[in-house]
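>
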Amino acid sequence: MLERERSEILDEIRRFARGIYEQLVGHEFPRVSIPDRSTSNIIFDPQKRHYVLGPKRTVRRADNVKHIRSFTNLVWVAYYVHNLVKAGKSSTLRDVYYSAEAFDIKFKSQDESDEAISDFEAILNIPRERLGIFPEERSAIFGDLTIEYTCAGYEGQRLNLTSHPDGVMIGPALATSNFVSTSAERVIVIETGGMFTRFVEERVDKKYRAILIHTAGQPPRATRFLIRRLNKELNLPVYIFTDGDPYGAHIAQVIISGSANSAHIPDLATPDAKWLGVWATDIKRYKLPSDSLTSKDVERLHQMMRDPRYQSSFWQEQLETFLELKRKAEQQSFSRYGLTYVVDKYLPEKIRELERG
Amino acid sequence: MPREKLEEISPAEFFYRNREMAGLDNPARATYTIIRELVENSLDACEAFNILPDVRIRLLKAKPPSTYEVLVVDNGPGVRASKVPIAFGKMLVSSKYTIRQTRGTFGLGGKMSLLYGQITTNTTIKIVTKPISSENEYEFELRIDIERNEPIVVRSRKRKPSKEWHGLALSFCFLGDYPRAKWRILDYLKQTAMIVPYVNIHFVDPDGKCFVFKRITSKMPPPPKEVLPHPHGVDVELLSRLIKETRAETLLDFLCKHFHRVGERTARKFLDSFGLDADADPKKLSDGEKALLAKLMREYNGFLPPDASCLSPVGEDLLRGGILKELNPEFVTVVQRPPSVYSGHPFIVEAAIAYGGGIRKSDGILLYRFANKIPLLYDAHSDVSTKVIKKIRWNRYGIDIEKDPVALVVHICSTKIPFKTVGKEFIAEVKEVEYELELALKACARKLQRYLSKKRRAERHKKRVSMFEKYLPRIALFTSKILGLEKPPDTAPLLRRLYDAREGKKRNIR
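Protein chains in written order, with the numbering used here: chain A, 224 to 580; chain B, 4 to 513.
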């Protein structure tokens, strides 16, 4: 983190604390104004093509017995983050949850501490990654990209992301590093670990000049943040390759349009990213081995059809096709045509289609 | 045609053959019934003479196995020496053939117990009494001639008492089962101590354990008065008996002399309204006319209701005291209803609800039932009060009758308790009694509701304040630390504002 940015963040936290402190000194029960993160205030912005937070705010008051605990939690998170930023360290969401105990702050579950962190992000309008707080799960990146660290102790050190065949973990250090150089022409985001490994083994990064990212399911915010940076800063098109089911489609959609959960965080969505597959129509076209949809899948598909993010004709067609076929297919299902079929045939065909527009 | 053989049996024999009627059908039940009958006789005797009852019970193992000897000593008026053989050795003789509230009616239960003891162990009954009006103490050993219903005095002795006392000591052996009767007996004594808080009971059981229930007051409710029967409660049998004994020469005079709350005016109005001759000689009525008269008396609604002076309720203070003593609850409320009447019998309902404290609760309704100051331990589910309790919508009063630590107490006193069976264990569904019970319990429920909502409000307020006490200083601490300040701002003035604020009173404290 840059020294200038760090002192800016510390100033913001101190401004927050001073507001409360001054109310206390004036013998007032303190109150804070927080952007409203409830669903009624989460709006899909058609211009920006992702979710944003509306203008509503709520007031948390220390004289309300229903607020007093969450008010204290919020103030403790501010204190914790202040220490973290001051020391230039990072921690996971789970660390935050456990650290509270030493201060006799008892979160009922990690959900509650995550909630307090989200509130604090919304107040400062700074994503928690920039405050040094990351989720536990890590996804990986592989490809010809050289980065330069900005984190404490590694400032200026460089790394090429082909240096480890399992990929390099996308953690706080990587997410905040600067991009130095790349020969890649595109980014391929992959849902499952098996497919990511196959792509690395089959040298997809070389053959298709691609940076490969493994999301391990729904991608963490740091990964979404990194995908957006690759797209915006390096101008690389982004293709998302997931299982051919409602869950996979939604992984793609969250990368493209953002999620309601993080509507208060700007710069997470990559509206220009494209879903490469497995499309519902691919199941028919490539005659893929498939499974029946569960009743939960069907329910989810109906929900998605009403979701503002899925209103384009492309998405509607895909969702309808799932419902028509009543089938879903995994990425691995291409193996029926041999292990390399997906890399040799499917991938180039789809990229060509998408790049033609 | 074979002639049916008619056999006359004596009352003593009749009762022995039907001993299950009196609760003597097995050794365990008999153990409980015997103690209960003897205690109740002692209490009735003391109360009739306005003596604070002091009852000592001792149960000993005797030979052969399963035989017990019971000894009960009271401080009542005692029994005159000349009356002892009849009083204890002959069935259907009682000091209680009057209309007033007593525990037993005919003194039957006690004598049944003696009879049961004699038959199961073939031993004699020992009685020592010092009548209150005599200088001497008398000792008797009796046996009952079952076939002839006659007492046999085996031995009797008169002597100067070795100490200052009056009362009755009675002991005999019987076939019993204490281990299986133990909890029932202790329950009975505890509940008796609750409804009769001016009694002292000492009970030493066969294991040598001593259970003491001490009185908490020396105040006794005024003793019940004897009254004449009320015309609404009359049947042909009673009417015939009264006509046989009366000296009245006219119907008018007869009605005025022998019935409760019937004066000349009332009697005349009654006779006129049915066109009956006021000067008729009651002794000349035919059986049919007697039956008609009884029916008209029962149905005429111009009689004044019976007055309740013949009743002896426990009273709100004494009942409260008894409940506090035996249940040790954190809250108790007692309601006494004004007297009411069913079929010519006056009655008074008393009810109480106790909450919390020593009341421990498993699932279900905790109900203590009493009739004329005796605990009813069996068949609660068939009792009228159970029906009423199930009818009341307790959740309206913020009470979960099944789960909250709540004990209900109901007491009905009357010259005639409407027991449903001869077992004297549960009360029939009499409309008037039901109505009074419901009003009494609802009045208690309202008071408990008020107490609970006050208590819950106070608890809520305390809990709220403790939340602020816990969290406000931390808000002050963490904000100061962020700002690098040594001393956090003082939150005491804010907390003080909370202590003063009562729920809902101050708008700014939410």
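Every residue, glycine too, gets a C-beta built ideally from N, C-alpha and C.
Does any C-beta atom of chain B lie closer than 7 Å to the C-beta of Ile349 (chain A)?
Against the first sequence, residue 349 (chain A) aligns to sequence position 126. Ile349 (chain A) does not count as touching chain B.
> If distances are taken between C-alpha atoms only, which option among B:Lys484, B:Leu501, B:Lys64 and B:Cys313 comes closest to Arg241 (chain A)?
If you number the first sequence from 1, residue 241 (chain A) lands on position 18. Per the Cα distances, B:Lys484.
> Kindly indicate if chain A contains any beta-carbon less than 7 Å away from that of Arg499 (chain B).
Counting from 1 along the second sequence, the entry for residue 499 (chain B) is found at position 496. Answer no: the Cβ-Cβ gap between Arg499 (chain B) and chain A never drops below 7 Å.
> Looking at the unbroken alpha helix (DSSP H) that takes in Arg216 (chain A), where does it start and where does it end?
Because chain A in this structure spans residues 224 to 580, residue 216 (chain A) falls outside the shown range and cannot be described.
> Have a look at Ser97 (chain B) and Phe91 (chain B) and give me their C-alpha separation to the nearest angstrom.
Residue numbering aside, residue 97 (chain B) sits at position 94 when the second sequence is read from its first letter. Residue numbering aside, residue 91 (chain B) sits at position 88 when the second sequence is read from its first letter. Interpretation of Ser97 (chain B) is limited by its pLDDT of 49, a score under 50 that renders its predicted location unreliable; no figure is taken from the coordinates.
> Met223 (chain B) by DSSP, collapsed to three states: which one?
The residue given as residue 223 (chain B) occupies position 220 in the second sequence. Coil at Met223 (chain B), not helix or strand.
> To be precise: take each residue of the segment 472-491 of chain B, compare its Cβ to all Cβ atoms of chain A, and keep it if any distance is under 7 Å. Which residues remain?
Within the segment 472-491 of chain B, the residues whose Cβ lies closer than 7 Å to some Cβ of chain A are Tyr474, Leu475, Arg477, Ile478, Ala479, Phe481, Thr482, Ser483, Lys484, Ile485 and Leu486, listed in chain order.
> Compute the distance between the beta-carbons of Leu524 (chain A) and Phe545 (chain A), then report whether it is under 7 Å.
Here residue 524 (chain A) refers to the residue found at position 301 when the first sequence is read from its first residue. Here residue 545 (chain A) refers to the residue found at position 322 when the first sequence is read from its first residue. Cβ atoms of Leu524 (chain A) and Phe545 (chain A): closer than 7 Å.
> Inspect the beta-carbon positions of Asp285 (chain A) and Phe252 (chain A) and report whether they are closer than 7 Å.
Stepping through the first sequence from its first residue, residue 285 (chain A) is reached at position 62. Stepping through the first sequence from its first residue, residue 252 (chain A) is reached at position 29. The question names Asp, yet the displayed sequence has Ala at residue 285 (chain A). Yes, the Cβ-Cβ distance between Ala285 (chain A) and Phe252 (chain A) is below 7 Å.
> Name, please, each residue of chain D whose Cβ falls closer than 8 Å to the Cβ of Phe294 (chain A).
Given the protein chain composition of this structure (A and B), no chain D is represented.
> Under 6 Å Cβ to Cβ from Gly277 (chain A), same chain only, skipping five residues before and after it: list those, please.
Along the first sequence, read from residue 1 onward, the residue named residue 277 (chain A) stands at position 54. Closer than 6 Å at Cβ, skipping near neighbours: Asn264 and Ile266.
> Please determine if the segment 209-220 of chain B and the segment 234-250 of chain B are in contact, where contact requires at least 3 C-beta pairs separated by less than 8 Å.
These segments do not touch.
> Which runs of the alpha helix (DSSP H) at least 4 residues long sit entirely within the segment 174-247 of chain B? Give them in chain order.
The segment 174-247 of chain B contains these whole alpha helix (DSSP H) runs: 181-198.
> Lys394 (chain B) to Tyr191 (chain B), Cα distance in whole Å?
For the purposes of this step, residue 394 (chain B) is identified with residue 391 of the second sequence, where counting begins at 1. For the purposes of this step, residue 191 (chain B) is identified with residue 188 of the second sequence, where counting begins at 1. If you take the alpha carbons of Lys394 (chain B) and Tyr191 (chain B), they lie about 27 Å apart.
> Helix, strand or coil, according to DSSP, for Pro494 (chain A) in the structure here?
Walking along the first sequence from the start, residue 494 (chain A) turns up at place 271. Note: Pro494 (chain A) maps to coil in three-state DSSP.
> Between the segment 439-446 of chain B and the segment 391-408 of chain B, do at least 3 Cβ pairs fall closer than 8 Å?
With the cut-off at 8 Å, the segment 439-446 of chain B and the segment 391-408 of chain B touch.
> Please report the Cβ distance between Asp382 (chain B) and Phe429 (chain B), rounded to the nearest whole angstrom; I am assuming they are in contact, meaning their Cβ atoms lie under 8 Å.
Position 379 of the second sequence, counted from the first residue, corresponds to residue 382 (chain B). Position 426 of the second sequence, counted from the first residue, corresponds to residue 429 (chain B). About 4 Å; that satisfies the 8 Å criterion.
> Helix or strand or just coil, what does DSSP make of Gln339 (chain B)?
Counted from its first residue, the second sequence places residue 339 (chain B) at position 336. Residue state, collapsed to three classes: strand.
> Leu74 (chain B) and Arg61 (chain B) - do their beta-carbons sit closer together than 7 Å?
Along the second sequence, one-based indexing puts residue 61 (chain B) at 58. Along the second sequence, one-based indexing puts residue 74 (chain B) at 71. For Arg61 (chain B) and Leu74 (chain B), yes; Cβs fall inside 7 Å.
> Per DSSP, Asn401 (chain A) is paired with what?
Along the first sequence, one-based indexing puts residue 401 (chain A) at 178. DSSP, once it has assigned bridges, lists A:Glu371 as partnering Asn401 (chain A).
> So that I know if they touch, is there some Cβ in chain A lying closer than 7 Å to that of Val467 (chain B)?
Locating residue 467 (chain B) in the second sequence gives position 464, where the first residue counts as 1. This sequence places Arg at residue 467 (chain B); Val is not what is there. Yes, Arg467 (chain B) counts as interfacial toward chain A.
> At 7 Å on the CB atoms, spell out the chain B contacts of Arg241 (chain A), in chain order.
Residue 241 (chain A) sits at position 18 when you count from the first residue of the first sequence. Residues of chain B passing the Cβ test: Leu486.
> Could you tell me the boundaries of the alpha helix (DSSP H) in which Cys259 (chain B) lies?
Here residue 259 (chain B) is taken as the residue at index 256 of the second sequence, counted from 1. Run containing Cys259 (chain B): Leu254 to His261, per the alpha helix (DSSP H) assignment.
> List the endpoints of the continuous alpha helix (DSSP H) containing Asp342 (chain A).
Position 119 of the first sequence, counted from the first residue, corresponds to residue 342 (chain A). It spans Gln333 to Leu347 - the alpha helix (DSSP H) in which Asp342 (chain A) sits, taken as one unbroken run.
> Unbroken beta strand (DSSP E) runs of length 3 or more, entirely within the segment 235-299 of chain A: which are they?
For the segment 235-299 of chain A, whole beta strand (DSSP E) runs of length 3 or above, ordered along the chain, are 254-258, 265-268, 273-276 and 280-284.
> Arg482 (chain B) by DSSP, collapsed to three states: which one?
Residue 482 (chain B) sits at position 479 when you count from the first residue of the second sequence. Checking the displayed sequence, the identity of residue 482 (chain B) turns out to be Thr instead of Arg. Looking at Thr482 (chain B) - three-state DSSP - the assignment turns out to be helix.
> Between the alpha carbons of Val344 (chain B) and Ile147 (chain B), how many angstroms are there, rounded?
Looking up residue 344 (chain B) in the second sequence gives position 341. Looking up residue 147 (chain B) in the second sequence gives position 144. Computed Cα separation, rounded: 40 Å.
> Since Ile370 (chain A) and Val412 (chain A) are thought to touch, with beta carbons under 8 Å apart, how far apart are those beta carbons, to the nearest angstrom?
If you number the first sequence from 1, residue 370 (chain A) lands on position 147. If you number the first sequence from 1, residue 412 (chain A) lands on position 189. Contact flag wrong, Cβ pair sits at about 18 Å.
> 7 Å is my cut-off, CB to CB: does Tyr320 (chain A) come that close to chain B?
Numbered from its first residue, the first sequence carries residue 320 (chain A) at position 97. Not an interface residue.
> Out of curiosity, what's the CA-to-CA distance linking Leu475 (chain B) and Gln333 (chain A)?
Within the second sequence, residue 475 (chain B) is the residue found at index 472, counting from 1. Within the first sequence, residue 333 (chain A) is the residue found at index 110, counting from 1. One C-alpha to the other measures close to 23 Å.
> Please look up how many angstroms separate the CB atoms of Glu353 (chain B) and Val317 (chain B), rounded, as I've assumed it's under 8 Å.
The residue labelled residue 353 (chain B) in the question sits at position 350 within the second sequence. The residue labelled residue 317 (chain B) in the question sits at position 314 within the second sequence. Contact holds; Cβ gap of about 6 Å.
> Ala407 (chain A) to Asp514 (chain A), Cα distance in whole Å?
The residue labelled residue 407 (chain A) in the question sits at position 184 within the first sequence. The residue labelled residue 514 (chain A) in the question sits at position 291 within the first sequence. Approximately 35 Å, taken between the alpha carbons.
> Quick one: list the residues of chain B neighbouring Leu307 (chain A), beta-carbon separation under 8 Å, in chain order.
Numbered from its first residue, the first sequence carries residue 307 (chain A) at position 84. Going along chain B, no residue has its Cβ under 8 Å from Leu307 (chain A), so there is no contact; the nearest lies around 12 Å.
> Along chain A, in chain order, which residues have C-beta atoms closer than 9 Å to that of Thr195 (chain B)?
In the second sequence, residue 195 (chain B) corresponds to position 192, counting from 1. Simply none; closest approach about 49 Å.
> Compare the beta carbon distance of Thr493 (chain A) and Ile478 (chain A) with 7 Å and say whether it is the shorter of the two.
To locate residue 493 (chain A), count along the first sequence from 1; it is residue 270. To locate residue 478 (chain A), count along the first sequence from 1; it is residue 255. Yes.
> From the beta carbon of Val275 (chain A), is the nearest beta carbon of chain B less than 7 Å away?
Along the first sequence, read from residue 1 onward, the residue named residue 275 (chain A) stands at position 52. Judged by the 7 Å Cβ criterion, Val275 (chain A) is not in contact with chain B.
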